[in-house]
Every structure is written in structure tokens, then in C-alpha cells.
Amino acid sequence: QARAGHKKAALFDAAAYGDPVGNLSLISELMGALETAQVWMAYQPKYDLRADAIKGVEALMRWNHPRRGFVSPDLFITMAEETGQIRALTEWAVRQSIADQKTLAEAGHVVTMSVNISGRLLSDESFADFALEAVAASGADLCFEITETAVIDNPEVALGIIDRFSAAGVGVSIDDYGSGLSSLAYLKRIKADELKIDKAFVMGLDESAKDALLVKSTIDLAHSLGMTITAEGVETPTALALLRGMGCDTAQGYLIARPLNLTGLIERLAGPAVE
Ligand code: C2E
Ligand code: CA
Ligand code: CA
Ligand code: CA
490 QARAGHKKAA
500 LFDAAAYGDP
510 VGNLSLISEL
520 MGALETAQVW
530 MAYQPKYDLR
540 ADAIKGVEAL
550 MRWNHPRRGF
560 VSPDLFITMA
570 EETGQIRALT
580 EWAVRQSIAD
590 QKTLAEAGHV
600 VTMSVNISGR
610 LLSDESFADF
620 ALEAVAASGA
630 DLCFEITETA
640 VIDNPEVALG
650 IIDRFSAAGV
660 GVSIDDYGSG
670 LSSLAYLKRI
680 KADELKIDKA
690 FVMGLDESAK
700 DALLVKSTID
710 LAHSLGMTIT
720 AEGVETPTAL
730 ALLRGMGCDT
740 AQGYLIARPL
750 NLTGLIERLA
760 GPAVE
């Protein structure tokens, strides 16, 4: 309890970051960047192995800083979580994804949009209100990818919000499964449609018998709990073939496509699902 309270109250801790490369100035620039075209969404195809078609895309945020160039989302998302800016960033991501889904549909491409939802926001009913209103107003087909730490931090509220998403027809995906403190108790409590196995295991698939075993077990676990499974970090034809043999549902990774801007995605979707 004390931990959760501390997190909510926490201001961005410059000392903890040491600020060796001026991250503090980045933070102050982030909201401004949102209002310019510096921040944009990239979309990475999710390949449905049985349908042999791209049925969805994952929305990934990008920041092209005028002086620093590409800023890793692992850096600026983490900072935004610390400062609370993640709320505004995510609302922007949800709106942009909905608008781009409409553009894709107009170009003849029907895809589910998977949007990453920071765990911090799963303690905030008002974020859920926003997201569900946006979905209701647009009729968008969204899936929210969430990481498990969120649910463990504040299980009661988070599980309630996840139920609200499900009831409204928004897909729920457990991201980065296998990294961190994955627990079976968590899988038991959360009602998810999809499990995403962390790329750390998928990338080792064709070289490590142990990784292959863990991936196969996770696929079977997901299926026996009524979830589909997505493997991320699919980089080689060998990995894709192994996943197919293991009964994996969906593959995502550089082999199929890198994250693309909207124009690049429309071009990619016009071609064969796997090149
Ligand atoms: P994630 O949700 O696990 O996203 C998958 C990451 O794996 C992405 O990194 C993607 O570009 C990368 N990836 C995809 N295929 C491959 C592959 O074949 N090989 C390798 N090595 N990597 C691959 P990215 O775009 O740098 O994003 C990093 C993380 O930042 C994401 O991890 C997610 O946690 C966070 N993030 C990105 N955009 C958003 C956002 O809009 N909202 C939130 N809350 N988090 C975001
Ligand atoms: Ca994700
Ligand atoms: Ca992931
Ligand atoms: Ca991740």
C-alpha cells in the first residue's frame, strides 16, 4: 500500500536518472513535441498464421527530436510515466490510432489496432472513461496491450478497469509475458483475449532448445486458458516455421515488417502478408 501511494505521489526523480544526457530538458519538451509533428505513431503488422493475413497492427509511439534525433520510447515513455505526462500521451495515441484506423479502412484495409496502455493508467478510472468514450464515439476496433506489473501494483482497480474494457468490446492483451514477475495467479485473475510472449524468448527460439520449450509451453498455456497467443520479435524464417509448428496464432517482428509510418503501412498492406 505504501508503495502504491509513493508511486502516485512521486515527482520525476532527477537524481535517480543522474541526468547525464539532459533527460530533464527532454521531459519539459515532451508536451510541446506532442503539439508539433515530432511525435507520431508507427504501426507494426501482426500476422495471423492460419489466415495467412495481417489482421492487426500494434501502434508504437515515435519521437523525432529536432536536435537529438530519434528518442527511444523505452526512455521517453518511462519518463512520462514518472511525471504523469503518460496520460496525455496515451490519450493522443488512442485518438491517433482511431483516426488512422479509419484512414486504413478507407484504403480497404481492415485491421485491429493494438494500443499500448501503460500500467499506471490502470489505476485511473477517468482514463478508462476517456478511452471507452472514444471507442463508443468512433466504433473503433481496438485492443489494449497491458503489462502485468500494473495489475500486480493495484489489482482491485486494474482488474475492474480491464473488465470495463472487455465489456465494451475492447480486446485485452497481456504484453511481455514471461519477462518480469509473470505469475500464474495473475493469469488466473485477468480476463484477457491475447497473451504476447516476450521477444526475449522468441528471439532465442531457433538457437536455444530451452527457449523453444518455454515458448511451446506458453502457447499451450494460453490456449488452455482460452487466449490467443502472439509471438513478438520474430526475426527469422526459422523462428516463424517453428512457431507455426507449435500452433502459435500470431507473429510480429522484423521478418514480417518493421514498425512503419501510416503511408508505409498502407503500401505494405497492399503486398503479400509475408514477403
Ligand atoms: P513493446 O510494447 O513490447 O513493443 C515491442 C517492441 O519491440 C517495439 O519497440 C518494437 O519496435 C520492437 N520490435 C518489434 N519487432 C521486433 C523484432 O523483430 N526484433 C526486435 N529486436 N525488436 C522488435 P519500441 O517501438 O522501441 O517500443 C519499446 C517499448 O516502448 C514498447 O515495448 C512499449 O512498452 C513502449 N511503447 C511504445 N509506444 C508506446 C505507447 O504508445 N504507449 C505506451 N504506454 N508504451 C509504448
Ligand atoms: Ca506492446
Ligand atoms: Ca511486448
Ligand atoms: Ca516492452
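Under full-length UniProt numbering, the residues of the sequence shown are numbered 490 to 764, in order.
We put the CB at the ideal spot given by N, CA and C, even for glycine.
In this text, all values refer to a predicted model and were calculated from it rather than measured experimentally.
Measuring alpha carbon to alpha carbon, tell me which residue in the options is nearest residue i.
i, options, result
"Glu634", "Leu519, Ile679 and Gly597", "Ile679"
"Thr719", "Leu749, Cys632 and Leu593", "Cys632"
"Leu621", "Ser655, Thr636 and Ser713", "Ser655"
"Gly573", "Ala711, Ile755 and Gly608", "Gly608"
"residue 765", "Gln585, Ala681 and Ser697", "The first residue shown for the chain is 490 and the last is 764, placing residue 765 beyond what the model contains."
"Tyr675", "Thr636, Ala657 and Arg576", "Thr636"
"Asp695", "Leu684, Leu729 and Glu721", "Leu729"
"Gly753", "Val546, Lys705 and Glu570", "Val546"
"Lys688", "Glu724, Arg653, Gly715 and Val661", "Glu724"
"Val704", "Val661, Ala531 and Lys685", "Lys685"
"Gly722", "Val528, Tyr536 and Met530", "Tyr536"
"Val661", "Gly558, Val604, Met530 and Ile575", "Val604"
Can you grab the Cα-Cα spacing for the pair residue i / residue j, in whole Å?
i, j, result
"Lys591", "Gly597", "10 angstroms"
"Arg747", "Gly669", "25 angstroms"
"Ala647", "Leu611", "5 angstroms"
"Leu593", "Val599", "7 angstroms"
"Leu538", "Phe616", "34 angstroms"
"Ala499", "Ile516", "Here the model assigns Ala499 a pLDDT of 44, short of 50, so the residue's position is not dependable and the matter cannot be decided."
"Asp700", "Asn512", "36 angstroms"
"Val763", "Tyr743", "11 angstroms"
"Asp709", "Met602", "25 angstroms"
"Arg551", "Gly693", "27 angstroms"
"Val691", "Ala711", "15 angstroms"
"Ser713", "Thr707", "10 angstroms"
"Val560", "His554", "7 angstroms"
"Pro761", "Ser514", "43 angstroms"
"Asn750", "Ala526", "13 angstroms"
"Ile587", "Ala548", "10 angstroms"
"Leu731", "Gln533", "21 angstroms"
"Gly649", "Ala626", "22 angstroms"
"Arg584", "Val624", "9 angstroms"
"Gly734", "Ser672", "26 angstroms"
"Lys677", "Cys737", "21 angstroms"
"Thr579", "Asp541", "31 angstroms"
"Arg556", "Glu756", "30 angstroms"
"Leu523", "Pro562", "14 angstroms"
"Glu645", "Arg653", "13 angstroms"
"Pro726", "Gln741", "12 angstroms"
"Ile543", "Glu595", "16 angstroms"
"Glu571", "Phe565", "10 angstroms"
"Ala759", "Glu518", "37 angstroms"
"Ala531", "Ile575", "17 angstroms"
"Ile606", "Ser697", "31 angstroms"
"Ala493", "Ala629", "Summary for Ala493: the model assigns pLDDT 41, below 50, so the residue's position carries little reliability, and this model does not support an answer."
"Trp529", "Gly558", "13 angstroms"
"Phe619", "Gly658", "15 angstroms"
"Glu683", "Ile651", "13 angstroms"
How is the beta strand (DSSP E) around residue i delimited, first residue to last?
i, result
"Lys685", "Glu683 to Ile686"
"Ser603", "Thr601 to Ile606"
"Asp563", "Unbroken run through Asp563 is the alpha helix (DSSP H), Pro562 to Thr572; no beta strand (DSSP E)."
"Leu631", "Leu631 to Thr636"
"Glu764", "Glu764 -> no beta strand (DSSP E), and no H or E assigned at all."
Provide the residue span of the alpha helix (DSSP H) that contains residue i, from first to last.
i, result
"Gln590", "Ile575 to Glu595"
"Ile708", "Ala698 to Ser713"
"Ile755", "Leu751 to Ala759"
"Val624", "Glu614 to Ser627"
"Thr727", "Pro726 to Gly734"
"Ser655", "Pro644 to Ala656"
"Ala674", "Leu673 to Arg678"
| request: For the segment 524-557, list the beta strand (DSSP E) runs that are entirely contained and at least 3 residues long, ordered along the chain. | output: DSSP runs (the beta strand (DSSP E)) wholly in the segment 524-557: 528-537 and 542-554.
| Where the beta carbon is closer than 5 angstroms to any heavy atom of ligand 2, which residues qualify, in chain order? | In chain order, the hits are Asn605, Glu634 and Asp664.
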